[in-house]
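Residue numbers (the working numbering): 6 to 284. The structure appears right after this line, and notes come after that.
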Ligand SMILES: [Fe+2]
């Protein structure tokens with residue numbers, strides 16, 4: 006079967022004609038190029054065991070073990086993204102880019118659907134390539150000279166949970182004492198694979214723009230975030246049994262819908278290590 010990569014509306018692309026077990030180096034190169042071009046790749050009708058999921062990720066780089074997520078039983082390299090029927094909050098609803106708080110931010114993550122609600126639980130991806138492209142030239146010029154500080158403290162640190170009942174995140178997120186890192190990255194980056202320019206600030210982890218005072222930084226980030234949330238840069242991915250999404254953190258934001266109250270949703274996530282980002 007021939008492999009087809011078809012751009013999705015708004016963000017990302019669907020990959021057809023490829024089973025993700027035992028990929029050849031040519032297939033890995035094709036997917037890597039696809040990430041650099043489209044930012045997120047969607048797959049249907051896959052059947053990966055946890056071992057095959059790990060092997061797939063290792064084809065793209067070293068596995069980055071998340072410090073905060075509870076791992077899947079017996080598979081320390083796989084993070085469990087879980088919401089139980091009696092839990093109210095989900096993980097990752099706010100728009101964000103995983104790991105922007107790391108000095109060497111992760112390349113991306115491969116998310117495999119394991120147990121899905123009967124409806125709901127979609128993930129929305131937004132293209133930071135498209136958001137960048139749509140900026141006015143003067144804004145591109147202005148942002149290209151700026152850097153931003155990113156942190157995990159407010160999201161995963163001890164303070165992040167102080168208003169939550171313990172039951173809410175018990176067994177899902179932990180290790181809040183590890184949330185001590187800050188990282189500085191350019192506001193506009195060049196994608197390490199394609200060289201395409203992308204906006205690289207996000208509501209989840211960006212604290213402030215370093216060259217501006219607090220009020221200016223807050224106003225500019227609010228303006229950028231409003232721009233990036235425009236629906237024309239986003240694609241809503243509906244999960245099915247066998248669905249996989251492989252996103253590139255350097256080119257996309259994502260947001261997990263929390264609209265399946267009373268149902269269980271279990272996903273397996275593996276994160277692949279990345280490189281330093283440059284303007
Ligand atoms: Fe995420």
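All C-beta atoms in this analysis are idealised placements derived from N, C-alpha and C, irrespective of residue type, glycine included.
- Residues in its own chain within less than 8 angstroms of residue 98 by CB, not counting five upstream and five downstream? 260, 261, 262 and 263
- Item | Pick from 222, 191 and 105 that is closest to residue 276, judged by C-alpha positions | 105
- Query: Is the closest heavy atom of ligand 1 to the C-beta of residue 103 under 8 angstroms?
  - Reply: yes
- Message: Given a cut-off of 9 angstroms on the beta-carbon distance, is the pair residue 122 and residue 268 in contact?
- Response: yes
- Message: In the DSSP output, what is residue 46 paired with across the bridge?
- Response: 18 and 251
- Message: Going by DSSP in three states, residue 66 sits in which element: helix, strand or coil?
- Response: coil
- Query: In terms of alpha-carbon separation, which member of 283, 270 and 14 lies closest to residue 124?
  - Reply: 270
- Query: When the Cα atoms are used, what is the spatial distance from residue 38 to residue 199?
  - Reply: 7 angstroms
- Just tell me which of 17, 21 and 16 has its CA closest to the CA of residue 9. 21
- In this structure, does DSSP put residue 230 in helix, strand or coil? helix
- State the Cα-Cα distance for the pair residue 148 and residue 193, rounded to the nearest angstrom. 6 angstroms
- Task: Over the uninterrupted beta strand (DSSP E) stretch that includes residue 271, give me the two end residues.
- Result: 270-277
- Message: For the stretch 75-84 against the stretch 52-64, do three or more pairs of beta-carbon atoms, one drawn from each stretch, fall closer than 8 angstroms, so that the two count as touching?
- Response: yes
- Contacts around residue 90, its chain only, beta-carbon distance under 7 angstroms, and the 5 residues preceding and following it disregarded: 267, 268 and 269
- Excluding the five sequence neighbours on either side, which residues of its own chain have a C-beta within less than 7 angstroms of the C-beta of residue 46, listed in chain order? 17, 18, 20, 36, 39, 40 and 251
- Message: Short of 7 angstroms in beta carbon distance, which residues of its chain neighbour residue 71, apart from the five on each side in sequence? Order them along the chain.
- Response: 84 and 276
- Could you check if residue 282 is buried or exposed, using at least 16 other CB atoms within 10 Å of its CB as the buried criterion? buried
- Task: Compute the beta-carbon to beta-carbon distance between residue 112 and residue 65, rounded to the nearest angstrom, for a pair I have assumed lies under 8 angstroms.
- Result: 7 angstroms
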